[in-house]
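**Student:** So the sequence shown is residues 1 to 74, counted in my numbering.
Ideal Cβ placement from N, Cα and C applies to all residues, glycine included.
Before I ask anything, here is the structure I am working with.
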Amino acid sequence: MFEKIQEMMVESLSLEKNDIKLESTFESLEIDSLDVFELVTEIEEEFDIEIEDAENLKSVQDLVAYIEGKVAVK
(Lines of atoms letter the chains of each structure in order from A and count residues from 1; the text may use other names and numbers.)
(Lines give C-alpha, C1' and ligand atoms only; values in the text may rest on other atoms or scores of the structure.)
Protein backbone atom coordinates (compact mmCIF):
# COMPACT_ATOMS: atom_id res chain seq x y z
CA MET A 1 0.00 0.00 0.00
CA PHE A 2 2.85 2.41 0.82
CA GLU A 3 4.32 1.97 -2.65
CA LYS A 4 0.98 2.78 -4.30
CA ILE A 5 0.51 5.91 -2.19
CA GLN A 6 4.11 6.89 -2.87
CA GLU A 7 3.47 6.61 -6.63
CA MET A 8 0.33 8.71 -6.35
CA MET A 9 2.22 11.38 -4.41
CA VAL A 10 4.97 11.49 -7.04
CA GLU A 11 2.44 11.83 -9.86
CA SER A 12 -0.01 14.27 -8.31
CA LEU A 13 2.29 16.39 -6.15
CA SER A 14 5.49 16.31 -8.23
CA LEU A 15 7.56 14.98 -5.34
CA GLU A 16 10.70 12.90 -5.65
CA LYS A 17 10.09 9.23 -4.87
CA ASN A 18 13.21 9.01 -2.70
CA ASP A 19 11.97 11.91 -0.55
CA ILE A 20 8.76 10.09 0.40
CA LYS A 21 9.31 7.77 3.34
CA LEU A 22 6.69 6.06 5.48
CA GLU A 23 7.68 8.23 8.43
CA SER A 24 7.61 11.49 6.40
CA THR A 25 5.24 14.14 7.65
CA PHE A 26 3.29 16.23 5.18
CA GLU A 27 4.96 19.28 6.71
CA SER A 28 8.45 17.88 6.07
CA LEU A 29 7.44 17.21 2.45
CA GLU A 30 6.09 20.78 2.21
CA ILE A 31 2.60 19.50 1.42
CA ASP A 32 -0.07 22.09 2.23
CA SER A 33 -3.77 21.56 2.91
CA LEU A 34 -4.69 22.03 -0.76
CA ASP A 35 -2.18 19.36 -1.76
CA VAL A 36 -3.61 17.02 0.88
CA PHE A 37 -7.12 17.67 -0.45
CA GLU A 38 -6.04 16.85 -4.01
CA LEU A 39 -4.25 13.70 -2.89
CA VAL A 40 -7.20 12.57 -0.76
CA THR A 41 -9.56 13.08 -3.70
CA GLU A 42 -7.38 10.90 -5.92
CA ILE A 43 -7.09 8.23 -3.24
CA GLU A 44 -10.85 8.19 -2.69
CA GLU A 45 -11.39 7.60 -6.41
CA GLU A 46 -8.61 5.01 -6.73
CA PHE A 47 -9.69 2.90 -3.75
CA ASP A 48 -13.43 3.70 -3.80
CA ILE A 49 -13.38 4.88 -0.19
CA GLU A 50 -14.32 8.04 1.66
CA ILE A 51 -11.82 9.84 3.87
CA GLU A 52 -13.82 11.88 6.37
CA ASP A 53 -11.08 13.22 8.62
CA ALA A 54 -8.20 14.07 6.30
CA GLU A 55 -7.20 17.02 8.49
CA ASN A 56 -6.16 14.53 11.20
CA LEU A 57 -3.69 12.79 8.89
CA LYS A 58 -0.26 14.29 9.48
CA SER A 59 2.13 11.79 7.88
CA VAL A 60 2.45 9.27 5.10
CA GLN A 61 2.20 6.53 7.73
CA ASP A 62 -1.09 7.98 9.06
CA LEU A 63 -2.46 8.03 5.52
CA VAL A 64 -1.38 4.48 4.68
CA ALA A 65 -2.79 3.09 7.96
CA TYR A 66 -6.08 4.92 7.43
CA ILE A 67 -6.47 3.63 3.87
CA GLU A 68 -5.56 0.07 4.87
CA GLY A 69 -8.23 0.21 7.58
CA LYS A 70 -10.87 1.52 5.16
CA VAL A 71 -10.00 -1.00 2.44
CA ALA A 72 -10.06 -3.89 4.95
CA VAL A 73 -13.61 -2.98 6.01
CA LYS A 74 -14.91 -3.18 2.42
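Pull up the distance between the alpha-carbon of GLU45 and that of VAL64, whole angstroms please.
**Tutor:** Position 45 of the sequence shown, counted from the first residue, corresponds to residue 45. Position 64 of the sequence shown, counted from the first residue, corresponds to residue 64. Distance between the alpha carbons of GLU45 and VAL64 is about 15 Å.
**Student:** To the nearest angstrom, report how far apart SER33 and ASP53 are at their CA atoms.
**Tutor:** What you label residue 33 is simply residue 33 of the sequence shown in a count that begins at 1. What you label residue 53 is simply residue 53 of the sequence shown in a count that begins at 1. Rounded to the nearest angstrom, the two C-alpha atoms are 12 Å apart.
**Student:** Just the Cα atoms here: how many angstroms apart are VAL36 and PHE47?
**Tutor:** Taking the first residue of the sequence shown as position 1, residue 36 is located at position 36. Taking the first residue of the sequence shown as position 1, residue 47 is located at position 47. VAL36 and PHE47: Cα-Cα distance of roughly 16 Å.
**Student:** Ignore the nearest five residues each way along the sequence and tell me which others in VAL10's own chain have a CB closer than 8 Å to its CB.
**Tutor:** In the sequence shown, counting from the first residue as 1, residue 10 sits at position 10. GLU16, LYS17 and ILE20.
**Student:** Which same chain residues, not among the five before or five after MET8, have their C-beta less than 8 Å away from its C-beta?
**Tutor:** Against the sequence shown, residue 8 aligns to sequence position 8. These residues qualify, in order along the chain: LEU39, GLU42, ILE43 and GLU46.
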